[in-house]
Amino acid sequence: MFLKVGCLSEKIGYYEALTNRYHMNRQQQDDYMTSSHGYIGERVMYDLLQEYKECICLWDIAVNLPYRGAVQYDFIVIHEYTVMHFDIKNYKGDYTLQHGNLVSSNDRIIKNPEPQLIRAHHYLEKLVFEFDRRFTLESYMVFINDQFNLNDRAPSDRWIFRSQLKNVLKSLTGYNNLKGSNISLAKHLIKLHQPLQQYDYFDRVPLVNIRTGYKCPLCKKLPAFNTHSTQFIVCSFCRRKIGMRYLIEYNLKELFILKGDGITPAEIKTFIPESKRSTISRVLTEHFTKTGVSKGVRYFLK
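4 is the number of the first residue of the sequence shown in the numbering used here; add one for each residue after it.
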């Protein structure tokens, strides 16, 4: 059971909305790939942990410690008196260990990530012990990508690979007699959470240069629909059925993300033409906040 889940950064959300609406240049493509790679790995871990119904899970906890700086935890999993902390690494390809660092087959060098894991373990252990000293903490660095290959022996038991993950998690499958206490610890850690200041600078593409029309929420292609139907329509690419209201909601949210500011009625009409005004109005009322009057009307995502 997840009490906290991670979310997309503003930059990743922007590039996802931009996909298939604009031909990104090489720099934008590289920026998107680099930014999204870590999140994709964490999403894989999130999906795996869904199987462990007796665990209390947290995704993305950041704690700012006075005089010691900030510490970020990808996943914290609690089951009875066991707390597990997982730092997710989504590396891909063949690597060797050289002077403690990871070196890829194409000479990419990654600084040894274990000292960072040990530091995070040290501070989390203090926080957990302050809550209840009966808990024990285990910290692991998870190389989540099944296409990652280390051509050396792992230097520490803290390093685990995708194929080993279920074996590490098997102790968390039994009935949890301490769910109430575990939830209390999780809520205590959530209260300590302070989102790290993100400096995800990126240049926005002017709306006039962005392709308009309905994008399919499932296959992300466009123009995906003949919108004559008022309730359900079928994507012309993936052939899956989508509810009209959800389709409008998805595309209006994309418009807001792409603009990065309040959207106007004129922009909505241009972005998703041939839509029933009454349906758009209902979606805006439910998911957006209206400001201004007359020509000054703007809609902001709630």
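Note that CB positions come from ideal geometry on N, CA and C, so glycine has one too.
Q) Roughly how many whole angstroms lie between the Cα atoms of Lys271 and Met4? A) Start at 1 with the first residue of the sequence shown, and residue 271 comes out as number 268. Start at 1 with the first residue of the sequence shown, and residue 4 comes out as number 1. Here the sequence assigns Ile to residue 271, which means Lys is not the residue at that position. Whole-angstrom Cα-Cα distance: 38 angstroms.
Q: Could you give the DSSP three-state label for Lys92: helix, strand or coil?
A: To locate residue 92, count along the sequence shown from 1; it is residue 89. Three-state result, Lys92: strand.
Q) Looking at the unbroken alpha helix (DSSP H) that takes in Arg165, where does it start and where does it end? A) As a working note, residue 165 is residue 162 in the sequence shown. That run of the alpha helix (DSSP H) goes Arg165 to Leu172.
Q. For Leu210 versus Phe259, is the C-beta distance shorter than 8 angstroms?
A. Locating residue 210 in the sequence shown gives position 207, where the first residue counts as 1. Locating residue 259 in the sequence shown gives position 256, where the first residue counts as 1. No.
Q: Please classify Tyr84: is it buried, with 16 or more other beta-carbons within 10 angstroms of its beta-carbon, or exposed?
A: Walking along the sequence shown from the start, residue 84 turns up at place 81. Tyr84 should be labelled exposed.
Q.
Threshold first: 4 residues or longer. Then list the alpha helix (DSSP H) segments lying entirely within the segment 105 to 142, N to C.
A. 117 to 134
Q | Own chain, CB closer than 6 angstroms to Ala20, minus 5 neighbours either side, in chain order | A | Taking the sequence shown and counting its residues from 1, one reaches residue 20 at position 17. Here the set comprises Glu257, Ile260 and Leu261.
Q: Determine the direct distance from the alpha carbon of Arg301 to that of Ile266, and round the result to whole angstroms.
A: Here residue 266 is taken as the residue at index 263 of the sequence shown, counted from 1. Here residue 301 is taken as the residue at index 298 of the sequence shown, counted from 1. Rounded to the nearest angstrom, the two C-alpha atoms are 5 angstroms apart.
Q) In terms of alpha-carbon separation, which member of His125, Phe146 and Arg207 lies closest to Thr139? A) Position 136 of the sequence shown, counted from the start, is the residue given in the question as residue 139. The option with the nearest alpha carbon to Thr139 is His125.
Q | Cβ-based neighbour list, Arg159, same chain, cut-off 7 angstroms, excluding 5 preceding and 5 following | A | Residue mapping note: residue 159 aligns to position 156 of the sequence shown, counting from 1. Residue 159 is actually Ser in this sequence, not Arg. Result list for Ser159: Glu117, in chain order.
Q: Compare the Cα-Cα distances from Gly96 to each of Val8, Glu54 and Arg111 and report the closest residue.
A: In the sequence shown, counting from the first residue as 1, residue 96 sits at position 93. Per the Cα distances, Arg111.
Q. Based on Cα-Cα distance, which residue from Met48, Leu250 and Ala73 lies nearest to Gln197?
A. What you label residue 197 is simply residue 194 of the sequence shown in a count that begins at 1. Minimum Cα distance to Gln197 is reached at Ala73.
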